[in-house]
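Please read the structure below before turning to the comments.
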Amino acid sequence: MHNILCFSRNRCTAVERVNDDILKSRCRLQDTTMDACVEITVRMPELEITDVTGSVHRSIWGGASDASDALKNVIGTRVAPGLLKIIRGLIGDQPELQELSFMVEECCHGVILSLTRDVLRSAPKDEAEALAYYADMVKENIRLLNRCAAFAPGSSLVEGIEPPSK
60 MHNILCFSRN RCTAVERVND DILKSRCRLQ DTTMDACVEI TVRMPELEIT
110 DVTGSVHRSI WGGASDASDA LKNVIGTRVA PGLLKIIRGL IGDQPELQEL
160 SFMVEECCHG VILSLTRDVL RSAPKDEAEA LAYYADMVKE NIRLLNRCAA
210 FAPGSSLVEG IEPPSK
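Structure follows, in structure tokens:
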């Protein structure tokens, strides 16, 4: 059994409100092949990315590096639909940058989810009504589907909701 491939991944995204006008979102990825961190700063209410930094501490493409220069191209972009395509177009699709592009997108989704927190808290207290409330919320904004554990496939909150076909 010594030839079994071993892989583990831990990704965490956190959003911090710096003040009334600024949010910071940080995505940290640690897995068997990579250790990286990306942070974006977003100006409210426009949801404009005003700064982005990134660093790769370890990867299969080499040792530690500062990826901030490649990521700076997304400054000025607004957190909005179609973001991944825009991010990949601005950052590039080189293999060593693909995961960082995804991490920038994860930071943006973290911002969106942090802004839905008050809506989530206003759900009805009755469990059946709350399930319907959350399902309707995801149906109205399908981008929420699979963006957090609560809206992931298999969750009772999104039971029966299918992602749009690509």
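Position one of the sequence shown corresponds to residue 60 (my numbering), numbered consecutively onward.
From the three backbone atoms N, C-alpha and C, an ideal C-beta is built for every residue, glycine too.
Owing to the predicted nature of the structure, the values given are computational and were not obtained by experimental measurement.
If you draw a straight line from the alpha carbon of residue 199 to that of residue 193, how long is it in whole angstroms?
Taking the straight line joining both Cα atoms gives about 10 Å.
List, from N- to C-terminal side, the alpha helix (DSSP H) runs of 4 residues or more that fit wholly inside the region 143-186.
154-174, 176-180
With a 10 Å radius around its C-beta and 16 neighbouring C-beta atoms as the bar for buried, classify residue 204 as buried or exposed.
Residue environment analysis places residue 204 among the buried positions, since at least 16 neighbouring C-beta atoms fall within 10 angstroms of its C-beta.
Out of 201, 207, 197, 190, point me to the one whose CA is closest to residue 215's CA.
190
What does the alpha-carbon distance come out to for the pair residue 104 and residue 64?
46 Å
Check whether the Cβ atoms of residue 160 and residue 147 sit closer than 8 Å, and answer yes or no.
yes
Pull up the CB-CB distance for residue 133 and residue 150, whole angstroms please, since I reckon it's below 8 Å.
7 Å
Give the DSSP bridge partners of residue 83, in chain order.
Partner(s): 75, 100.
Beta-carbon within less than 6 Å of residue 118's beta-carbon, same chain only, minus the 5 sequence neighbours each way: which residues are those?
93
Thinking C-alpha only, which one of 176, 185, 184 is nearest residue 209?
176
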